[in-house]
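Note that the sequence shown covers residues 13 to 550 in the numbering used here.
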Amino acid sequence: MAGGPSGSGGGVSSSSKIWTIVMSAFAAFGGILFGYDTGTIGGTIAMQNWLETFGKWDDELGWFLPTKDKSLVVSILSAGTFFGALVAFPAGDLLGRKWGIVFGCLVFSLGIGLQLDDNFVVFTVGRVIAGFGVGIISCLVPMYQSECAPKAIRGIIVGLYQFAITIGALLASVCLNATKDRQDYSSWQIPIAIQFVWAFILGGGMMCLPESPRYLLLKGRETEARVALGRLLTKDADSAEVHEECNDISTALRIESEGSSGSYLACFRNNESRFGFRTWTGILIQAWQQLTGINFIFYYGTTFFQSAGISNPFTITIITCVVNSVTTICGLPFIDRLGRRTLLLWGAVGMCVCEFIVAIVGVTAGDIQPDGTVNLAAQRVLIAFVCIYIAFFALSWGPVGWVVTGEVFPLSIRARGMSLSVASNWLWNFGIGYATPYLVNPTTYGINGEKAANLGVKVFFIWGGTCIGCVIFTYFFIPETHGLSLEQIDTLYRESSIIGSSKFRKELLSRGDVEKPYKADDVVTYENEKEASPSGAL
13 MAGGPSGSGG
23 GVSSSSKIWT
33 IVMSAFAAFG
43 GILFGYDTGT
53 IGGTIAMQNW
63 LETFGKWDDE
73 LGWFLPTKDK
83 SLVVSILSAG
93 TFFGALVAFP
103 AGDLLGRKWG
113 IVFGCLVFSL
123 GIGLQLDDNF
133 VVFTVGRVIA
143 GFGVGIISCL
153 VPMYQSECAP
163 KAIRGIIVGL
173 YQFAITIGAL
183 LASVCLNATK
193 DRQDYSSWQI
203 PIAIQFVWAF
213 ILGGGMMCLP
223 ESPRYLLLKG
233 RETEARVALG
243 RLLTKDADSA
253 EVHEECNDIS
263 TALRIESEGS
273 SGSYLACFRN
283 NESRFGFRTW
293 TGILIQAWQQ
303 LTGINFIFYY
313 GTTFFQSAGI
323 SNPFTITIIT
333 CVVNSVTTIC
343 GLPFIDRLGR
353 RTLLLWGAVG
363 MCVCEFIVAI
373 VGVTAGDIQP
383 DGTVNLAAQR
393 VLIAFVCIYI
403 AFFALSWGPV
413 GWVVTGEVFP
423 LSIRARGMSL
433 SVASNWLWNF
443 GIGYATPYLV
453 NPTTYGINGE
463 KAANLGVKVF
473 FIWGGTCIGC
483 VIFTYFFIPE
493 THGLSLEQID
503 TLYRESSIIG
513 SSKFRKELLS
523 RGDVEKPYKA
533 DDVVTYENEK
543 EASPSGAL
């Protein structure tokens, strides 16, 4: 699923349990808001009243949503999110991290309000506006967290954000299941309207939290920064701890400013540090994450299970969301134990096997018979392997894709490299979301007729094939980096091949190097790269 963490701050040196709880709760509501919104639409488009309100009538099909409308209404959120993500950084710079998130909540709420209308155009516009708000929030929430969270728990909090996204999707499936039998507008308006609660909690809670001290110091507002740091450290604004932390952040900001590249073009330079290779790694890992087919389940799972003859598709959707949530939280410790490359390789292999099994069972014993009967055993196998497939994703490509994206970029291009990677995620999210109904749906005829591929469950052959692509991509593009500092990762890219990265990683660790903050030497190294570059700029 899209919308993973995208911030990159240094955090603060705080061991306060109060802020551990506050930041974890804040992460939860930021993720729940996004996960719930993306999880709602899959069940909404299967609601009878929603189809009667926005769909078309066919003598054979009954009330149905034309393929073009289904593609549009599902994928258009990602289009809005794509543009929201692009404006998140200038919004966060102009308004601040705190008020930028509040602004995102207001935009999101406006979009939710429009989705309560019974006009299809207004509903669709509401999806775009809500997506715009989600895009802002999905970038600024992790940015705020990474700049304010205690350093000791920063990784856990960012991981909890991804977990909270799965909880949001689970809550959406539960709400949809509770209202699916209503015969009026409330069947789909209630699940949509509940999103006002998430926006209110996130926006209201944000107003009670301090602004990011890193942002305040960036803007030269040192007095306000000391007050904010005092709250985060639970110390007096004039204390020695606050003074020392303030100086550390100011030094880091100065070094980042000196080492920052001024152009997106610098991200694609083929220099000694392999900027271009690393940038394409970030962009492509986000593309392959979407090409695993996971959003087919979360966007179209309910209607897919319905078309496969499963009698309780809303319940099955809840089960898939539970599997996603449980395996995500259980799998977080393995990221640093088994390693990024290992998890991505075996995760892709596991998903590939499951998807081919689902496709084979679906086109053989799982087909609906002409008399309308279904093979219950085959359906259970199909559901079981869909759940196993989701578990493999949640253990690997779900969280690990974002971890790799956050690690591969050096300081000088990190912000721009991350923005390109996040944009890639949303772009592929939109493209796959839009194209899937045309791949899965049958061709319809008459006045509302539309051509479609009618693949049905056979679409899993495509997702299985793309997972083979994930294996190949991981083998040649993803180095093993677990346990390495960001500086050691930079050394790995300079001195090792991708295939030999596991062995080289052990050599780096055997040297006894320890993680260190960025110092003046890092800027000197960057300046030397500039001098060695033919154009004089990276």
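Positions of the beta carbon are idealized from the N, C-alpha and C atoms, including for glycine.
How should V239 be labelled, buried or exposed, when 16 other C-beta atoms within 10 angstroms of its C-beta is the threshold for buried? Along the sequence shown, read from residue 1 onward, the residue named residue 239 stands at position 227. Counting Cβ neighbours within 10 Å, V239 comes out buried, since at least 16 surround it.
Which whole runs of the alpha helix (DSSP H) in the region 84–116 are 4 residues long or more, in chain order? none
Would you call the region 438–446 in contact with the region 383–400, where contact means no fewer than 3 C-beta pairs closer than 8 Å? no
Would you list the one or two residues that DSSP bridges to D70? Position 58 of the sequence shown, counting from 1, holds the residue named residue 70. Answer is G74.
With DSSP run on the structure shown, which of helix, strand or coil describes T493? As a first step, residue 493 must be located in the sequence shown, where it is residue number 481. In this structure, T493 counts as coil in the three-state DSSP scheme.
Compare the beta carbon distance of G553 and V452 with 9 Å and say whether it is the shorter of the two. A question about residue 553 goes unanswered here, because the residues of the chain that appear run from 13 up to 550.
Where DSSP assigns a beta bridge to E462, which residues make up the other side? Here residue 462 corresponds to residue number 450 of the sequence shown, with the count starting at 1. DSSP lists T456 as partners of E462.
Buried or exposed (CB count within 10 angstroms, at least 16 for buried), Y505: Working through the sequence shown from its first residue, we reach residue 505 at position 493. So Y505 ends up on the buried side.
Quick check on DSSP: helix, strand or coil for D81? Translated into the one-based positions of the sequence shown, residue 81 becomes position 69. The answer is helix: DSSP assigns D81 an H, G or I state.
Do you know whose CA, among I53, G42, G74, lies nearest T329's CA? Locating residue 329 in the sequence shown gives position 317, where the first residue counts as 1. Ranking the options by Cα distance to T329, first place goes to I53.
If you draw a straight line from the alpha carbon of T537 to that of E256, how long is it in whole angstroms? Along the sequence shown, one-based indexing puts residue 537 at 525. Along the sequence shown, one-based indexing puts residue 256 at 244. Residue placement at T537 is poorly supported in this model, since its pLDDT is 39, which falls under 50; the coordinates still yield a value, given next. For T537 and E256, the distance between alpha carbons rounds to 26 Å.
Residue environment, E64, which counts as buried when at least 16 other CB atoms sit within 10 Å: Position 52 of the sequence shown, counting from 1, holds the residue named residue 64. Exposed is the call here.
Reduced DSSP category for G481 - H, G, I as helix; E, B as strand; rest coil: Reading the sequence shown from its first residue, position 469 is the one you call residue 481. G481 falls in the helix class under three-state DSSP.
In the structure shown, what three-state DSSP assignment does C231 receive? By one-based count along the sequence shown, residue 231 stands at place 219. It is Lys, not Cys, that sits at residue 231 in the sequence shown. K231 falls in the coil class under three-state DSSP.
Mind checking N61: buried by the 16 CB within 10 Å criterion, or exposed? Taking the sequence shown and counting its residues from 1, the one referred to as residue 61 is at position 49. The residue in question, N61, is buried, as its Cβ has 16 or more Cβ neighbours within 10 Å.
Rounded to whole angstroms, what's the CA-CA distance from R194 to E234? Just pull it up for me. On the sequence shown, position 182 is the one that residue 194 refers to. On the sequence shown, position 222 is the one that residue 234 refers to. Approximately 56 Å between the Cα atoms of the pair.
What separation, rounded to the nearest whole angstrom, lies between the Cα atoms of K82 and I331? Here residue 82 corresponds to residue number 70 of the sequence shown, with the count starting at 1. Here residue 331 corresponds to residue number 319 of the sequence shown, with the count starting at 1. One C-alpha to the other measures close to 24 Å.
Rounded to whole angstroms, what is the Cα-Cα separation between I30 and L244? Along the sequence shown, one-based indexing puts residue 30 at 18. Along the sequence shown, one-based indexing puts residue 244 at 232. One C-alpha to the other measures close to 9 Å.
Measuring straight from C-alpha to C-alpha, what distance separates A211 and I402? On the sequence shown, residue 211 is found 199 positions in, with the first residue counted as 1. On the sequence shown, residue 402 is found 390 positions in, with the first residue counted as 1. Those two C-alpha atoms are separated by around 28 Å.
What runs of the alpha helix (DSSP H), each 4 residues or longer, lie entirely inside the region 149–228? 166–191, 198–205, 207–220
Taking the C-alpha atoms as reference points, what is the distance between S262 and P225? The sequence position of residue 262 within the sequence shown is 250, counting from 1. The sequence position of residue 225 within the sequence shown is 213, counting from 1. Approximately 10 Å, taken between the alpha carbons.
Own chain, CB closer than 7 Å to T314, minus 5 neighbours either side, in chain order: Position 302 of the sequence shown holds residue 314. So the list reads G54, G55, A58, P325, F326, T329, once near-sequence residues are dropped.
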